[in-house]
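Peer 1: Quick note, the sequence shown lines up with residues 2 to 262 if you use our numbering.
Glycine included, C-beta positions come from ideal geometry on N, C-alpha and C.
Just so it is clear, the structure is predicted and the values come from calculations on it, not from any experiment.
Pasting in a structure now, in structure tokens, and then I'll have a few things to ask.
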Amino acid sequence: MDNDIEHMENQDIAAHLQWYLDSGVDEVTGDETLDWFALAPKPKGTPTPILKTPVLSPENIAREATLAVSNCTSLTELKQAITAFDGCSLKKLATHTVFSDGNPDSKVMLIGDAPGADDDRDGIPFAREHGQLLDKMFEAIGLQRDKDFYITNILPWRPPGNRAPSAEEITICLPFIKRHVELFDPELIILLGGVSANSILETDSNITRLRGKWHEYEIQGRKIPVFPLFHPAYLLKQPKAKGDAWRDLQNIKARLEDKSQ
Ligand code: URA
């Protein structure tokens, strides 16, 4: 076969690579292409009948997730239980279960949507580019990640190709973040972006409508103040929104100062 790539325009090459990224292929494992199917051992003799395993609905898997974490009494136990959970297919493709970062003894909990490629590699949420902007935003109101806040995500595993999490994946993983909030017991929750805000506030309103106001999240009979904020990834693409984000950060700062008086 001709080397097709030599006949491709730059934009075709870019579209080709994007297709790989969208399919979840974001790492090169070698210089030569390899036909993995040809390497698989060929079945011998009579084929064994394929037993169909019943497919569980996301709601049923979510019930299993709830059971898996309901007896956890500490963040360490929760991390172990989530890491051992095999009900979400995202885990099969992920390098790490990305649990949290920051100070587990602080009062402020930030919740993003899902780890990206770098976070999956490092095992830390908001590890690189988005994390750097996030840290700068919070440093601007005097909060440091290792001291003043704690950060986690709705999903502990990276969706391939950095696509948005599906409704089913969110349904399956919601029991994890609920238990995470119960065990962390924050004074304030900041929701980073639409996926996080929609999942926690159980609404499909757009982040542009939800941000800028305080909401409440009720858990175990306690109402926790919740503030949705633009996601750093959105601010990197839409720098014009940084003015709104700045006002929102001042709002959070004022609330924290009120609480400390
Ligand atoms: N990294 C994360 O951990 N969460 C996000 O929402 C985005 C990047």
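1. What does the Cβ neighbour count give for residue 40, buried or exposed, with the cut at 16 atoms within 10 Å?
2. Is residue 177 close to ligand 1? I mean its beta-carbon at under 7 Å from any heavy atom of the ligand.
3. Taking 8 Å as the cut-off, decide whether the C-beta atoms of residue 227 and residue 219 are in contact.
4. At a cut of 8 Å, does the region 190-208 reach the region 230-242 through at least three beta carbon pairs?
5. Helix, strand or coil: which one does DSSP assign to residue 4?
6. Are at least three pairs of beta-carbons, each pair with one atom in the region 165-176 and one in the region 126-134, less than 8 Å apart?
7. Alpha carbon to alpha carbon, what distance is there between residue 126 and residue 62?
8. CB residue 98 to CB residue 112, shorter than 8 Å?
9. Hey, is residue 193 close to ligand 1, as in C-beta under 7 Å from one of its heavy atoms?
10. Distance, Cα to Cα, residue 156 vs residue 121?
11. Evaluate residue 56 with the Cβ neighbour count: other Cβ atoms within 10 Å of its Cβ, from every protein chain shown; 16 or more gives buried, anything less gives exposed.
12. Between which two residues does the alpha helix (DSSP H) holding residue 94 run?
13. Quick check on the DSSP output: the alpha helix (DSSP H) that includes residue 62 runs from which residue to which?
14. Are residue 152 and residue 103 closer than 8 Å when you measure CB to CB?
15. Please tell me whether, using a cut-off of 7 Å, the distance from the CB of residue 127 to the nearest non-hydrogen atom of ligand 1 is below it.
16. Can you tell which of 188, 260, 180, 238 has the C-alpha that lies nearest to the C-alpha of residue 72?
17. If you draw a straight line from the C-alpha of residue 247 to the C-alpha of residue 138, how long is it?
18. Among 123, 88, 105, 70, which residue has its Cα nearest to the Cα of residue 96?
19. Please name the residue in 197, 260, 67 whose C-alpha comes closest to that of residue 167.
20. On a Cα-Cα basis, can you pick out the residue from 165, 117, 237, 189 that is closest to residue 149?
21. How about residue 70 and residue 177: do their beta carbons lie closer than 8 Å?
22. According to DSSP, is residue 139 part of a helix, a strand, or is it coil?
23. According to DSSP, what are the bridge partners of residue 124?
24. Check whether the Cβ of residue 154 sits closer than 7 Å to any heavy atom of ligand 1, and report yes or no.
Peer 2: With the structure as the only source:
1. Taking the sequence shown and counting its residues from 1, the one referred to as residue 40 is at position 39. So residue 40 counts as exposed.
2. Translated into positions along the sequence shown, residue 177 becomes position 176. Checking every heavy atom of ligand 1 against the Cβ of residue 177, none is found closer than 7 Å.
3. Position 226 of the sequence shown, counted from the start, is the residue given in the question as residue 227. Position 218 of the sequence shown, counted from the start, is the residue given in the question as residue 219. No, the Cβ-Cβ distance between residue 227 and residue 219 is not below 8 Å.
4. yes
5. As a position in the sequence shown, residue 4 is number 3, starting the count at 1. Low per-residue confidence applies at residue 4: pLDDT is 49, beneath 50, and the placement is therefore not dependable, though the value from the model is reported in the following sentence. Coil, per DSSP.
6. Cβ pair count under 8 Å is below three, so no.
7. Translated into positions along the sequence shown, residue 62 becomes position 61. Translated into positions along the sequence shown, residue 126 becomes position 125. Rounded to the nearest angstrom, the two C-alpha atoms are 24 Å apart.
8. Sequence index remark: in the sequence shown, residue 98 carries index 97 (1-based). Sequence index remark: in the sequence shown, residue 112 carries index 111 (1-based). Result no, Cβ atoms of residue 98 and residue 112 do not sit closer than 8 Å.
9. Position 192 of the sequence shown, counting from 1, holds the residue named residue 193. At least one heavy atom of ligand 1 is nearer than 7 Å to the Cβ of residue 193, so yes.
10. Translated into positions along the sequence shown, residue 156 becomes position 155. Translated into positions along the sequence shown, residue 121 becomes position 120. Cα-Cα distance, rounded: 11 Å.
11. As a position in the sequence shown, residue 56 is number 55, starting the count at 1. So residue 56 ends up on the exposed side.
12. As a working note, residue 94 is residue 93 in the sequence shown. From DSSP, the alpha helix (DSSP H) with residue 94 extends over 91-94.
13. Within the sequence shown, numbered from 1, the residue matching residue 62 stands at position 61. From DSSP, the alpha helix (DSSP H) with residue 62 extends over 59-71.
14. Residue numbering aside, residue 152 sits at position 151 when the sequence shown is read from its first letter. Residue numbering aside, residue 103 sits at position 102 when the sequence shown is read from its first letter. Result yes, Cβ atoms of residue 152 and residue 103 sit closer than 8 Å.
15. The residue labelled residue 127 in the question sits at position 126 within the sequence shown. Proximity of the beta carbon of residue 127 to ligand 1 is indicated: a heavy atom of the ligand is located closer than 7 Å.
16. In the sequence shown, the residue the question calls residue 72 occupies position 71. Measuring from the Cα of residue 72, the nearest candidate turns out to be 180.
17. Translated into positions along the sequence shown, residue 247 becomes position 246. Translated into positions along the sequence shown, residue 138 becomes position 137. For the pair residue 247 and residue 138, the Cα-to-Cα distance works out to about 8 Å.
18. On the sequence shown, residue 96 is found 95 positions in, with the first residue counted as 1. Here the closest residue by C-alpha is 123.
19. As a position in the sequence shown, residue 167 is number 166, starting the count at 1. The residue with the shortest Cα to Cα distance from residue 167 is 197.
20. Taking the sequence shown and counting its residues from 1, the one referred to as residue 149 is at position 148. Residue 149 has its Cα closest to that of 189, out of 165, 117, 237, 189.
21. Here the question's residue 70 lines up with position 69 in the sequence shown. Here the question's residue 177 lines up with position 176 in the sequence shown. In this structure, residue 177 lies closer than 8 Å to residue 70 by Cβ.
22. Along the sequence shown, one-based indexing puts residue 139 at 138. Helix.
23. Numbered from 1 along the sequence shown, position 123 holds the residue referred to as residue 124. According to DSSP, residue 124 bridges with nothing at all.
24. For the purposes of this step, residue 154 is taken as residue 153 along the sequence shown, with counting starting at 1. Checking every heavy atom of ligand 1 against the Cβ of residue 154, one is found closer than 7 Å.
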